[in-house]
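Chemist: So that we are looking at the same thing, I have put the structure below in structure tokens.
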Amino acid sequence: MTWHAIERALERYGLDISPLEMSAMTDAVGRGDSVLLERRPDGSEAHLCRSPSTGRVLQVIYMPEAHRIVTVIYADSRRHRGRK
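Note that this note's numbering has the sequence shown beginning at 2, numbered continuously upward.
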């Protein structure tokens, strides 16, 4: 779990996710209870996973070797590239 990921979930999806909920989402991704979208050259993976409290689907970037979600990105990140 990272505070960065929690902050991005609030910024990008309007979800106030607790550290406990982010931990549950991380465990779900680690167990394979998510949809793997891509494996990236840096070793990270893009997944779709569900928020346990709201049921909303979020796109997350997961680092398998560290077993952590490092950020939450827009579901259609291509549409939002370049925005600040």
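Using N, Cα and C, we set each Cβ at its ideal position, and we do this for glycine too.
Nothing here was measured: the structure is a model prediction, and the numbers come from that model.
Which stretch, first to last residue, makes up the beta strand (DSSP E) that contains Y75?
Modeler: Locating residue 75 in the sequence shown gives position 74, where the first residue counts as 1. Unbroken run through Y75: none, as it is neither H nor E.
Chemist: Find the nearest neighbour of S19 within the set E8, D28, A29, judged by alpha-carbon distance.
Modeler: Position 18 of the sequence shown, counted from the start, is the residue given in the question as residue 19. Answer by Cα proximity: E8.
Chemist: Would you please state the rounded distance, in angstroms, between the beta carbons of V71 and L59? I believe it to be under 8 Å.
Modeler: Here residue 71 refers to the residue found at position 70 of the sequence shown. Here residue 59 refers to the residue found at position 58 of the sequence shown. Actually they are not in contact, since the Cβ atoms of V71 and L59 sit about 13 Å apart, beyond 8 Å.
Chemist: Given S35, which residues of its chain have a CB within under 7 Å of its CB, disregarding the five upstream and five downstream residues?
Modeler: Within the sequence shown, the letter at position 34 stands for residue 35. A29, H48, L49, C50.
Chemist: Rounding to the nearest angstrom, what Cα-Cα distance links R82 and Y75 in this structure?
Modeler: Position 81 of the sequence shown holds residue 82. Position 74 of the sequence shown holds residue 75. Here R82 scores only 49 on pLDDT, less than 50, and its place in the model is too uncertain to base an answer on.
Chemist: Report all residues from its chain with a CB closer than 6 Å to the CB of L38; omit the five preceding and five following residues, and keep chain order.
Modeler: The sequence position of residue 38 within the sequence shown is 37, counting from 1. Contacts found: A47.
Chemist: Keeping to the same chain, check which residues put their C-beta closer than 6 Å to that of M64; ignore five residues upstream and five downstream.
Modeler: As a working mapping, residue 64 is identified with position 63 in the sequence shown. Once the five neighbours on either side are set aside, the close Cβ partners of M64 are S45, V71.
Chemist: Residue ranges of each beta strand (DSSP E) run of no fewer than 3 residues wholly in the stretch 12-47, ordered along the chain?
Modeler: 36-40
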